[in-house]
Structures are given as C-alpha cells and as structure tokens.
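Participant: Before I ask anything, here is the structure I am working with.
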Amino acid sequence: MVPKKDVLLEVKDLRIEGYSDEQWIEIVHGVDLTLHKGEVLGLIGESGAGKSTIGLAAMGFARDGCRISGGSIEFDGMELTTTPEGDLRALRGSRIAYVAQSAAASFNPAHRIIDQHTEAPIQYRIQKRVEAQEDAMELYHRLRLPNPDEIGFRYPHQVSGGQLQRAMTAMAMACRPDLIIFDEPTTALDVTTQIEVLAAIRDIVDQFNTAAIYITHDLAVVAQMADTIKVLLKGEEVEEAPTEQMLDAPSEDYTKSLWAVRSFKRPQKERPTEAGSIPIVSVKNVDAAYGKIKVLDDVSFDIYPGMTVAVVGESGSGKSTTARCITGLLPPTKGEIQFNGESLPPRYQDRTKDQLRQAQMIYQMADTALNPKIKISEIIGRPAQFYRGVRGAELKNRVDELLDLIELDPAKFYNRYPPELSGGQKQRVGIARALAADPSFIICDEVTSALDQLVAEGILKLLDKLQEDFNLAYMFITHDLATVRSIADEVVVMQRGKVVEQGAKDEMFTPPHHPYTDLLLSSVPEMDPNWLTTLLEERGTDSIGEAANV
Amino acid sequence: MSTFVIGYYALLIGASCLAAYFKKRQLFLLIFSLTLISFVTGIVGGVGALRFITVAAGLLALAAGVSYAFREFLIIIASDGVAKELRTAPLTAAFGMFVIFTYAIAGIFAPIIAPFGEAEVISSAFAPADENMLLGADQLGRDMFSRLIYGARNTVGLALVATSLAFILGALTGLLAATKGGWFDQLMGRVADVIMSVPSLIFALLMLSIFGTSLFVIVIIVALIYSPRVFRLTRAVAGNVVVMDYIEAAKLRGEGNWYLIRREILPNSTAPLVAEFGLEFCFVFLLIAGLSFLGLGIQPPTADWGSMVRENATLISFGELTPLIPAAAIALLTVSVNFVVDWMLFRSSGLKEV
C-alpha cells in the first residue's frame with residue numbers, strides 16, 4: 001500500500017454536467033480516481049464515455065457548455081473545485097500539463113516551436129529565455145527528435161506529425177510538472193510513428209517520475225503505458241485494476257467485450273482460377289502527380305469480383321491517391337484503369353453514367369460525407385432516382401429496403417437528418433448510399449478508423465454480409481492491420497507511391513516479409529504489456545528515431 | 001413639490017425596494033440607478049426633465065411590451081419548428097419584426113390607410129397639423145401623413161426589389177464561381193473587384209446621368225453596385241462547402257452543376273446569406289434615399305422618404321420637426337432590420353449561450 005502522502009491527485013464522486021437542449025444533463029456520474037506520484041493511469045472507453053471530460057476536470061477545467069456540478073478534485077492538498085480561476089491558471093502549464101490529441105491543431109502555426117515551448121517557463125519566471133531554450137533542446141535530445149538543436153526553430157508545419165507530437169510532450173515537460181494529461185496523443189498517427197511517440201512518452205515519464213493520466217480508446221496502447229487501467233462507460237466507472245490483472249482477468253462483461261472485439265475474422269477467398277475470369281478493376285502501371293510532385297509510381301494491382309483487396313501503408317504512401325485515380329478525380333499521368341477488361345476514361349467527367357454507377361465510394365469521415373441539410377431518405381434515394389429513374393412509391397420502397405439492409409429501422413430513420421445520427425449510423429447511411437447505385441465495386445476509404453472498436457466491428461460485419469449477398473468487390477484502404485486481418489482476401493502494401501509487396505492475405509502475414517511490411521506488422525501494438533519493451537530491445541533503441549525515415 | 005414629483009419618486013423607490021426584496025439583481029440595479037439619475041436631473045432640469053424621463057421610460061416599456069406580445073403571438077401562430085426558433089429571439093429582434101410587419105402593412109394597404117392621395121394638394125403650404133392632417137402639410141400643401149404611408153410603399157418596395165435582384169445576381173455567380181472554379185471564378189472575381197473599386201454613390205450618379213432616372217434604371221444600377229458584395233460572400237461560404245466529401249460523392253455520381261448548387265451547396269449556405277440580405281437591404285435603402293435626396297432617385301410627385309426630407313428641409317430653420325419625420329422613418333426601419341439580422345447572425349454563427 002502506497003502511503004497517503006504520496007497521493008498526488010484524488011478525485012472523489014466527480015459529477016460533470018453538459019448543457020444541451022436548454023437544460024443541464026449529467027454526463028459524468030460520480031467517478032473516483034486516485035493517482036500517486038510517478039504513477040500512470042490509463043483511462044479507456046468508447047467515445048462519449050467521458051474520458052476527456054474527466055481528464056480536463058483533473059486540471060480543474062470544464063469545457064464550454066460543461067460544468068463541474070459535484071464532488072471534489074484534490075491536487076496535492078489543494079481543492080481545485082473551489083480554487084479561484086487565477087490560481088488555477090497558475091497551476092496549469094506549470095504543475096499540471098496537457099497534451100492534446102492533435103498536435104498539429106494545438107500548436108500555433110504562426111510561432112516557432114521553441115517560442116511556444118519556452119512561453120510557460122518564462123511566463124512563470126522559472127527560467128530565463130536562454131536557459132529555457134537550452135532546456136528545450138535538452139528535452140528534444142531526450143525525446144530523440146532529429147536535429148534537436150535546430151528543430152525548435154522551425155514552424156509547426158515544417159515538422160512531421162509524429163515529431164510534432166513529441167515536441168508537444170517536450171513542451172508539456174517544460175516546467176517539470178507533477179502531472180501530465182495525455183489525451184489520445186497517438187490516435188491520429190500511423191502505427192510506425194506511434195511507436196516512437198509511445199517510447200518517447202514512456203521514457204520521459206519514467207525519467208522525471210511524473211504522474212500521468214493516459215486517455216485512449218486503444219487497449220493495446222494503454223497496456224504499454226499504464227500502471228493501472230480504469231474502464232469507463234457512459235460517464236461511469238466499469239472497473240479499475242492494475243494493468244496485468246486487467247488484461248488477464250477482467251471481471252466485468254463490458255470489459256470482456258472490449259477485449260474480445262478483434263475476434264471477427266472470415267476465411268480468405270481465393271482468386272477465381274478459370275481461364276475466362278477477368279478482374280473487375282485492374283490498375284495498370286499508373287503514375288500520378290499533384291502538380292509537379294509525383295505521388296504514384298508504377299502502381300499495378302487487380303481486384304477480382306467478390307473479393308476484398310486491402311491497400312495498406314502509412315499516411316502519404318499514396319493509398320487514397322490510388323483511389324482518386326480509380327474514381328477519376330485525379331487523371332493518371334501514365335498507365336490506365338481497366339474496368340471489366342475495358343479501359344476507363346481517365347477523367348470522371350468523361351465517363352458514362354453506367355461506368356460511374358458501377359464504382360462507388362464510402363468515405364472515412366461520415367460527418368463530411370453526408371450533406372447535413374438533406375434527409376436520409378433523399379441521400380439514399382437520390383442514386384436510385386438518378387441512375388434508374390425510380391420515383392414515387394417505388395423509390396420509397398427501395399429506400400426502405402436499403403435501410404433494412406443496413407440494419408436501421410426505416411420508420412425511425414426515413415425522415416431524419418444526418419446530424420441526428422451517431423457516428424456508426426452515419427457510416428451505415430454512407431454504405432446504403434453506395435449500395436443504392438447497385439455497384440459491383442466499392443472503394444472503402446478508412447471506413448472504420450473514425451469509429452469505436454465495437455461500432456467498427458459492426459460495420460465490418462455488415463460489409464462482409466453485403467459482399468456475400470451482392471458479390472461486391474471491395475478496395476479497402478486502411479492503415480489498421482487488425483482490420484486487414486479480419487476482412488481482406490488480398491493485401492497490397494504501399495510505400496511512398498510504390499507497391500512494395502502484394503499477395504494473398506495469409507501469405508502476407510507469414511514471414512518472410514519485405515522489410516517495410518515487416519516494419520508495419522511489427523509496429524501494431526499487441527495486448528501484451530511487455531510488447532513495447534521487447535520490440536524496442538529487438539530493434540535496438542537507436543532505430544526508433546529512424547522508423548519514420550525508413 | 002407637485003404630486004407628480006412625489007408620485008414619481010415614490011414609484012421608483014418602491015419598485016427598487018421590491019426588486020431588491022425579490023433578489024432581481026439586474027432589475028434592481030436598473031431601477032435604482034434611474035432613481036439616482038432622477039435626483040440629479042430633477043434638481044438641474046426641474047419637473048420638465050422628470051416628465052421627459054417618464055415619457056421615455058413609458059415608451060421603452062411600451063415598446064418592450066409590444067415586442068413581447070408580438071413574439072408570443074408569432075410563437076402561437078407559427079408551426080412547431082419555427083416556434084422553437086422564435087423562442088430564442090431576444091426582445092430587440094421581436095421589436096424589429098414588429099416594426100417591419102407594421103411597415104409592410106402600411107406599404108401594402110397604403111391607399112386604404114392614407115386619408116388623401118400622395119399627389120393631392122389639400123391645404124396651404126406648410127400648414128400645421130390639425131384633425132384633418134395628423135402631421136401637417138408639406139411645401140406644396142399635401143398631407144404629410146398620407147405621403148409617409150405611400151413613401152413606405154415606394155421606397156421600401158424599390159429597395160426590396162433592388163436588393164433581391166442584387167442577391168439573385170450575386171449569389172448565382174458566386175455559387176457558379178465556387179463550383180466551376182478556374183477561369184470563370186477568376187473572371188467573375190475581377191469583374192467584382194472592378195465594380196467595388198468605384199465609390200458606389202459616384203458610380204450611381206454617373207450611371208443615372210447617362211441612362212436617365214427611370215425606376216427600372218435605378219433598380220438595375222443599385223443591384224449592380226451591391227451584387228459584388230453578395231458575390232464575394234457567397235463564393236467564400238460556398239467555397240467551404242464544395243470541398244466536403246458529400247460534394248465529391250455527388251460529382252462522382254455524375255450530377256450536373258445545377259443540382260450541386262440547388263440541392264447540395266445552397267442549403268448549407270443559406271444562414272449567412274439571409275443575414276447578409278438584411279444588412280444589404282439597409283445599405284440599398286439608404287443609397288436610394290440618398291439618391292432621392294440628391295434629386296436623382298424617385299421622381300416627384302411620387303412620395304419618397306428621401307426626397308421628402310429634402311423638400312421640407314427649409315422648415316428646419318423654423319424649428320419644425322416635420323422634415324425629420326421621414327428621416328426618423330428611415331432610421332427606425334434600418335435599426336429594426338439590423339435587430340433582426342443580429343439575431344440571425346447570432347444563430348448562424350453557432351454561438352450558444354450557457
């Protein structure tokens with residue numbers, strides 16, 4: 001038992017209310033939390049569980065439209081709920097620091113990184129400017145940023161996402177706080193970059209014996225970082241236990257369901273072997289460029305009817321650009337796209353209605369993919385009306401049928417607007433819109449990456465069922481290899497606009513791999529709490545900084 | 001001390017005590033500061049000043065009461081969706097809507113409301129108000145009140161037509177420029193720059209002296225002057241919408257530009273456009289009134305608020321308020337429209353009070 005004096009943060013019966021529809025609704029219902037010095041607490045749960053709200057409350061802060069309505073937050077003997085705002089402000093940044101999800105959005109693009117870094121120490125008169133700058137470089141060294149003496153003098157847009165996230169962690173460390181709150185710091189990063197950031201955060205938290213609250217929805221990540229894990233659901237605690245115990249023997253059903261979520265897997269299908277079979281989509285030696293910058297270099301692969309081809313790679317590898325070439329948004333500079341053996345016109349404007357109908361697309365962000373001012377019935381009905389000229393009662397039947405297919409109740413959803421739906425429901429509507437055109441080929445662009453794991457699994461199962469029913473071919477763009485494992489038949493690995501390896505899924509997941517595939521595969525976090533340590537040892541500590549530069 | 005003064009202070013002090021007792025902080029502060037101000041003005045200005053304060057406060061209270069009642073009335077007669085929006089309207093917006101409503105009634109039913117025709121000479125020049133003429137006569141002996149009512153129809157109607165035309169022109173080109181992009185966007189942008197670079201009044205004067213001062217020409221010229229502002233706003237708003245994935249999805253479906261504009265882009269940009277419409281309406285209104293004042297707008301004997309101010313301007317030297325009445329009518333409408341626009345801007349900016 002840790003003695004009482006080591007308790008840094010003690011939250012008791014925390015209640016937070018949010019303002020919506022002209023009334024206050026309780027969103028966090030009495031959460032307790034105890035954090036000792038140097039301890040890392042993982043907060044996990046799906047979106048809407050109140051993770052971030054609780055994290056911010058630990059700084060005595062409530063977002064606009066929220067208020068702390070009850071309970072106590074005691075930080076090092078200081079009651080934050082009654083402390084005046086001025087004192088709280090002095091506390092934040094100096095003794096409690098916050099690392100946000102998107103470093104790119106949190107840095108001010110108009111100032112150099114080091115100026116933003118040194119702002120807090122200078123403001124609180126802890127260090128002089130020169131000392132603060134030297135200290136910043138020291139921290140950049142420790143976080144293994146490339147060119148640590150120089151990188152701080154760049155502007156945020158001149159630095160990559162993973163480096164920016166590390167610089168943000170360094171900034172949080174600037175005043176050597178007692179507590180850092182990490183709010184999904186790696187969610188927006190690729191697996192290969194995620195590793196560097198995770199390793200850097202863990203090192204620095206260890207070195208300075210800082211306590212941390214680590215908020216994430218990714219179990220495998222939290223298993224690497226946290227000493228204790230707390231599972232939240234809808235603003236209430238489900239259970240809390242030390243990491244090992246939580247992973248080995250979760251006691252609550254909800255926790256078990258979270259643990260089991262990646263179990264969905266379907267058998268791999270083989271390419272048709274008959275002589276006459278032709279691929280439905282064939283990308284042949286395609287080059288493409290944005291302006292003068294070449295982004296695709298000799299990309300070729302085939303997609304056969306009824307099969308799922310996963311295109312994987314980190315961001316900037318050309319996955320989405322390939323999709324833009326296939327849809328005709330970006331005409332290739334060389335090579336061609338064939339559909340059922342016939343060459344497609346490079347520009348979508350030149351394609352016939354039927355060619356456009358055959359290939360449909362489902363987007364990553366359902367929020368921006370559905371027009372917020374158009375009813376669900378019209379969003380889904382429009383393709384049927386546009387391509388087939390279906391009207392009146394027949395159109396209504398068709399929309400009802402499609403809503404049934406995506407497992408949404410037609411009576412309830414027919415007249416709703418997209419903002420009234422949840423993320424998973426919106427993504428289902430996006431699928432229905434693609435289906436409404438009776439396509440034979442659908443491009444799924446990161447369709448599950450913005451969703452919670454449980455919801456994402458539902459979407460994957462739905463896509464799989466629809467593939468069986470309608471013999472659809474999918475091109476599945478993703479950076480999540482777990483998704484690839486569960487749904488793909490064939491895998492295409494892309495790096496910097498080139499296809500580095502392709503083949504059947506089972507083949508791809510068994511060694512030997514191409515070095516890049518190997519790097520991708522080994523970077524996927526596993527549920528073993530020692531995974532990161534083992535991996536870092538295998539790779540040798542020095543290679544971590546280079547992972548992004550491979 | 002007259003009974004009026006005693007009653008006046010008794011009422012104020014009583015009301016502030018009541019407000020304090022019922023813990024109405026803001027109301028108490030308001031009434032009590034009014035009491036303190038009254039002490040000072042009472043000593044300096046005497047009973048007259050106190051009477052003035054009473055009348056002003058009474059008018060304000062009356063306006064607030066009317067606005068409140070009008071809002072409740074609208075909420076009752078409107079459908080559920082609109083009623084929910086109307087409940088968020090502040091009293092100022094309700095007041096604005098009430099004034100606009102009154103002007104609309106005056107304009108539409110002008111021949112029925114006005115006791116005399118707009119060009120009818122019924123009395124001697126500058127005759128004072130009597131039971132026949134509510135506001136007296138103008139410089140030719142026409143009834144001021146009747147001309148004011150007809151002026152609502154002419155001036156407001158003209159401004160409305162001109163603003164609508166400016167909007168149709170500006171919004172359509174703006175939406176097209178945002179959807180098409182490329183050379184069309186560039187061309188339209190430069191044309192808008194050219195029109196905006198010429199001072200509007202000078203441009204209007206120039207055009208009117210070239211083409212003559214018919215109603216048709218005024219409408220066209222005013223619309224032309226104000227359409228670039230609408231164009232720029234629409235293009236900026238639509239520019240944020242066309243990059244959304246749902247537009248890409250519609251394009252890939254093979255939809256034409258007209259469908260994109262009508263069904264996908266326009267519904268997502270109406271809120272700022274409606275707010276802009278209110279603002280532009282005020283500018284257009286003032287420009288037309290200004291042109292009339294200079295003698296280039298609506299031609300006599302048609303009643304028009306701008307020219308009414310000019311024609312009766314000599315009366316000011318005699319300390320008469322008559323020429324200020326049409327000016328006040330212009331001011332009241334402008335303020336009212338802005339009240340309503342402020343509310344709409346507030347709603348469309350997505351700011352929510354906590």
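Chains A and B supply the protein sequences, listed in that same order.
Residue numbering for the first sequence follows full-length UniProt numbering, starting at 1 and increasing by one per position.
Residue numbering for the second sequence follows full-length UniProt numbering, starting at 1 and increasing by one per position.
C-beta: ideal position from N, C-alpha, C; glycine also.
No experiment lies behind these values; they were computed from the predicted model shown.
Nearest to A:Asp506 by CA position, among A:Leu88, A:Asp87, A:Val309, A:Arg202, is which residue?
Facilitator: As a first step, residue 506 of chain A must be located in the first sequence, where it is residue number 506. If we check each option's Cα against that of A:Asp506, A:Val309 comes out closest.
Participant: Would you say the segment 211-218 of chain B touches the segment 289-301 of chain B, given that touching needs at least three Cβ pairs under 8 Å?
Facilitator: Flag = yes, the segment 211-218 of chain B and the segment 289-301 of chain B touch.
Participant: Would you tell me roughly how many angstroms separate the C-alpha atoms of B:Glu353 and A:Pro331, rounded to the nearest one?
Facilitator: The residue labelled residue 353 of chain B in the question sits at position 353 within the second sequence. The residue labelled residue 331 of chain A in the question sits at position 331 within the first sequence. Its pLDDT being 41, under 50, B:Glu353 is placed unreliably by the model, and nothing is read from it.
Participant: Establish whether the CB of B:Glu264 and some CB of chain A are separated by less than 9 Å.
Facilitator: Your numbering for residue 264 of chain B matches position 264 in the second sequence. For B:Glu264, the answer is yes, since a Cβ of chain A falls inside 9 Å of its Cβ.
Participant: How is residue 553 of chain A classed by DSSP in three states: helix, strand or coil?
Facilitator: Outside the displayed range of chain A (1 to 550) lies residue 553 of chain A, so it cannot be described from this structure.
Participant: Is B:Ala56 buried or exposed, if buried means 16 or more other CB atoms sit within 10 Å of its CB?
Facilitator: Sequence index remark: in the second sequence, residue 56 of chain B carries index 56 (1-based). Exposed, because fewer than 16 other Cβ atoms sit within 10 Å of the Cβ of B:Ala56.
Participant: Between which two residues does the alpha helix (DSSP H) carrying A:Gln23 extend?
Facilitator: Translated into positions along the first sequence, residue 23 of chain A becomes position 23. No alpha helix (DSSP H) holds A:Gln23; the beta strand (DSSP E) holding it covers 23-36.
Participant: Pull up the distance between the alpha-carbon of B:Val284 and that of B:Phe4, whole angstroms please.
Facilitator: What you label residue 284 of chain B is simply residue 284 of the second sequence in a count that begins at 1. What you label residue 4 of chain B is simply residue 4 of the second sequence in a count that begins at 1. In a straight line, the C-alpha of B:Val284 is about 46 Å away from that of B:Phe4.
Participant: In the DSSP assignment, the beta strand (DSSP E) including A:Met18 goes from what residue to what residue?
Facilitator: If you number the first sequence from 1, residue 18 of chain A lands on position 18. For clarity, residue 18 of chain A is Gly in the given sequence; the question names Met instead. Counting along the chain, the beta strand (DSSP E) containing A:Gly18 begins and ends at 7-20.
Participant: By the 10 Å Cβ neighbour count, where 16 or more other Cβ atoms means buried, how is B:Ser307 classified, buried or exposed?
Facilitator: In the second sequence, the residue the question calls residue 307 of chain B occupies position 307. B:Ser307 is buried by the Cβ-count criterion.
Participant: For the segment 255-268 of chain B against the segment 364-380 of chain A, do three or more pairs of beta-carbon atoms, one drawn from each stretch, fall closer than 8 Å, so that the two count as touching?
Facilitator: The segment 255-268 of chain B vs the segment 364-380 of chain A: in contact.
Participant: Taking the C-alpha atoms as reference points, what is the distance between B:Gln186 and B:Val241?
Facilitator: The residue you call residue 186 of chain B lines up with position 186 of the second sequence. The residue you call residue 241 of chain B lines up with position 241 of the second sequence. Computed Cα separation, rounded: 19 Å.
Participant: When burial is assigned at 16 or more other CB atoms within 10 Å of the CB, is A:Ala323 buried or exposed?
Facilitator: Taking the first sequence and counting its residues from 1, one reaches residue 323 of chain A at position 323. Label assigned to A:Ala323: buried.
Participant: Any contact of the segment 73-90 of chain A with the segment 38-52 of chain A, i.e. 3+ C-beta pairs under 8 Å?
Facilitator: These segments do not touch.
Participant: Which residues of chain B have a Cβ atom closer than 8 Å to the Cβ of A:Pro383, listed in chain order?
Facilitator: What you label residue 383 of chain A is simply residue 383 of the first sequence in a count that begins at 1. In chain order: Arg253.
Participant: Kindly list, in the order they appear in chain A, the residues whose Cβ is closer than 8 Å to that of B:Asn268.
Facilitator: Position 268 of the second sequence, counted from the start, is the residue given in the question as residue 268 of chain B. Result: Asn371, Pro372, Lys373.
Participant: Taking B:Asp80 as the query, report the chain A residues whose CB atoms sit under 8 Å from its CB, ordered along the chain.
Facilitator: Sequence index remark: in the second sequence, residue 80 of chain B carries index 80 (1-based). Residues of chain A passing the Cβ test: none, with the nearest at roughly 14 Å.
Participant: Is any beta-carbon of chain B found at less than 9 Å from that of A:Lys353?
Facilitator: On the first sequence, position 353 is the one that residue 353 of chain A refers to. By this cut-off, A:Lys353 is an interface position.
Participant: Name the residues in the segment 340-364 of chain A whose C-beta lies less than 7 Å from a C-beta of chain B; which are they?
Facilitator: Cβ contacts with chain B: Tyr348, Lys353, Leu356, Met361, Tyr363.
Participant: Near A:Arg391, what residues of its chain come up, given a Cβ to Cβ distance below 7 Å and the 5 sequence neighbours on each side ignored?
Facilitator: Counting from one through the first sequence, the residue named residue 391 of chain A turns up at place 391. Closer than 7 Å at the Cβ level, and outside the excluded window around A:Arg391, lie Gln385.
Participant: Mind listing which residues of the segment 320-331 of chain A have their C-beta closer than 8 Å to chain B's C-betas, in chain order?
Facilitator: So the close ones are Thr327, Gly328, Leu329.
Participant: Please tell me whether A:Pro156 and A:Thr169 are closer than 9 Å, where the distance is taken between their beta carbons.
Facilitator: In the first sequence, residue 156 of chain A corresponds to position 156, counting from 1. In the first sequence, residue 169 of chain A corresponds to position 169, counting from 1. For A:Pro156 and A:Thr169, no; Cβs fall outside 9 Å.
Participant: At least one CB of chain A closer than 9 Å to the CB of B:Ala83: is that the case?
Facilitator: Residue numbering aside, residue 83 of chain B sits at position 83 when the second sequence is read from its first letter. Output row for B:Ala83: interface = no.
Participant: Can you give me, in chain order, the residues of the segment 384-399 of chain A that have a beta carbon less than 7 Å from any beta carbon in chain B?
Facilitator: Going along the segment 384-399 of chain A in chain order, one finds Phe386 with a Cβ nearer than 7 Å to chain B.
Participant: When Cβ atoms are compared, which residues of the segment 51-62 of chain A fall closer than 7 Å to chain B?
Facilitator: So nothing in the stretch comes that close.
Participant: Return the CA-CA distance between A:Ala223 and A:Glu336, expressed in angstroms with no decimal places.
Facilitator: Against the first sequence, residue 223 of chain A aligns to sequence position 223. Against the first sequence, residue 336 of chain A aligns to sequence position 336. When rounded, the distance between both Cα atoms is 46 Å.
Participant: Consult DSSP for A:Asn471 and reduce its assignment to one of helix, strand or coil.
Facilitator: Counting from 1 along the first sequence, the entry for residue 471 of chain A is found at position 471. Here A:Asn471 sits in coil by DSSP.
Participant: Relative to chain B, which residues along the segment 447-466 of chain A have a C-beta separation below 7 Å, given in chain order?
Facilitator: Correct list: empty, as no residue qualifies.
Participant: Exposed or buried, which one is B:Arg280 when buried takes at least 16 other CB atoms within 10 Å?
Facilitator: Residue mapping note: residue 280 of chain B aligns to position 280 of the second sequence, counting from 1. Before going further, note that residue 280 of chain B is Glu rather than Arg in the sequence given. B:Glu280 is buried by the Cβ-count criterion.
Participant: Going by the beta-carbon positions, is the gap between A:Leu35 and A:Leu9 smaller than 9 Å?
Facilitator: By one-based count along the first sequence, residue 35 of chain A stands at place 35. By one-based count along the first sequence, residue 9 of chain A stands at place 9. Taking 9 Å as the Cβ cut-off, A:Leu35 and A:Leu9 qualify as a contacting pair.
Participant: Kindly indicate the opening and closing residues of the beta strand (DSSP E) around residue 559 of chain A.
Facilitator: Coverage of chain A is limited to positions 1 through 550, which leaves residue 559 of chain A absent and any answer about it impossible.
Participant: Answer with yes or no whether the minimum CB distance from B:Ala178 to chain A is below 9 Å.
Facilitator: As a position in the second sequence, residue 178 of chain B is number 178, starting the count at 1. No, B:Ala178 does not count as interfacial toward chain A.
Participant: Is the beta carbon of A:Leu520 less than 9 Å from the beta carbon of A:Val493?
Facilitator: The sequence position of residue 520 of chain A within the first sequence is 520, counting from 1. The sequence position of residue 493 of chain A within the first sequence is 493, counting from 1. Yes.
Participant: Between the segment 334-347 of chain B and chain A, which residues of the former have CB atoms less than 8 Å from a CB of the latter, in chain order?
Facilitator: Within the segment 334-347 of chain B, no residue qualifies.
Participant: According to DSSP, what are the bridge partners of A:Ser72?
Facilitator: As a working note, residue 72 of chain A is residue 72 in the first sequence. DSSP output for A:Ser72 lists A:Lys12 as bridge partner(s).
Participant: Can you give me the start and stop residues for the alpha helix (DSSP H) that A:Ile376 sits inside?
Facilitator: Taking the first sequence and counting its residues from 1, one reaches residue 376 of chain A at position 376. Note, A:Ile376: alpha helix (DSSP H), 376-388.
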